[in-house]
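J.: My structure is below; once you've seen it, I'll send some questions.
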Amino acid sequence: MNPEQAAKIALDARERFELGPAYRVAGSERRIIELVEGHTAVDKLPEAGPTKDIEAWVVTLSASPRVAEFAIDGNGQIVRVRRSR
Numbered sequence: 012m013n014p015e016q017a018a019k020i021a022l023d024a025r026e027r028f029e030l031g032p033a034y035r036v037a038g039s040e041r042r043i044i045e046l047v048e049g050h051t052a053v054d055k056l057p058e059a060g061p062t063k064d065i066e067a068w069v070v071t072l073s074a075s076p077r078v079a080e081f082a083i084d085g086n087g088q089i090v091r092v093r094r095s096r
């Protein structure tokens, strides 16, 4: 996976996560992120539990002043979504 592929996955998921077409890619970087095992966190803070570190592409979409951050694993799965309020 490369930054362009990760960005396409995030852009294609906008409707699924109720983000309008005004959201555009503001950045994409490879990071190590922490996830609570067995939790698919989408806009919610996970409950306490065992964690694991994974390497993921973090794609930031922006529709100023709002942003949404998608974490996408090496298999192309969205593992975390965080939105500004």
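For the sequence shown, this note's numbering begins at 12 and goes up steadily by one. Positions of the beta carbon are idealized from the N, C-alpha and C atoms, including for glycine.
Could you check what DSSP says for Leu30 in three-state terms: helix, strand or coil?
T.: By 1-based counting over the sequence shown, the position of residue 30 is 19. Here Leu30 sits in coil by DSSP.
J.: In whole angstroms, give me the CA-to-CA distance for Val90 and Phe81.
T.: If you number the sequence shown from 1, residue 90 lands on position 79. If you number the sequence shown from 1, residue 81 lands on position 70. Rounded to the nearest angstrom, the two C-alpha atoms are 8 angstroms apart.
J.: Please state whether DSSP places Glu15 in a helix, a strand or coil.
T.: Counted from its first residue, the sequence shown places residue 15 at position 4. Reduced to three states, the DSSP call for Glu15 is helix.
J.: Cα separation between Leu22 and Glu29?
T.: Within the sequence shown, residue 22 is the residue found at index 11, counting from 1. Within the sequence shown, residue 29 is the residue found at index 18, counting from 1. Those two C-alpha atoms are separated by around 11 angstroms.
J.: Out of Glu66, Val36, Leu72, which one is the CA nearest neighbour of Met12?
T.: In the sequence shown, residue 12 corresponds to position 1, counting from 1. Nearest option by C-alpha distance: Glu66.
J.: Grab me the residues of Arg93's own chain with a C-beta within less than 6 angstroms of its C-beta, minus the 5 sequence neighbours each way, in chain order.
T.: The residue given as residue 93 occupies position 82 in the sequence shown. Excluding sequence neighbours, Arg93 sits near Glu80.
J.: What would DSSP say about Ala21, mapped onto helix, strand or coil?
T.: Against the sequence shown, residue 21 aligns to sequence position 10. Reduced to three states, the DSSP call for Ala21 is helix.
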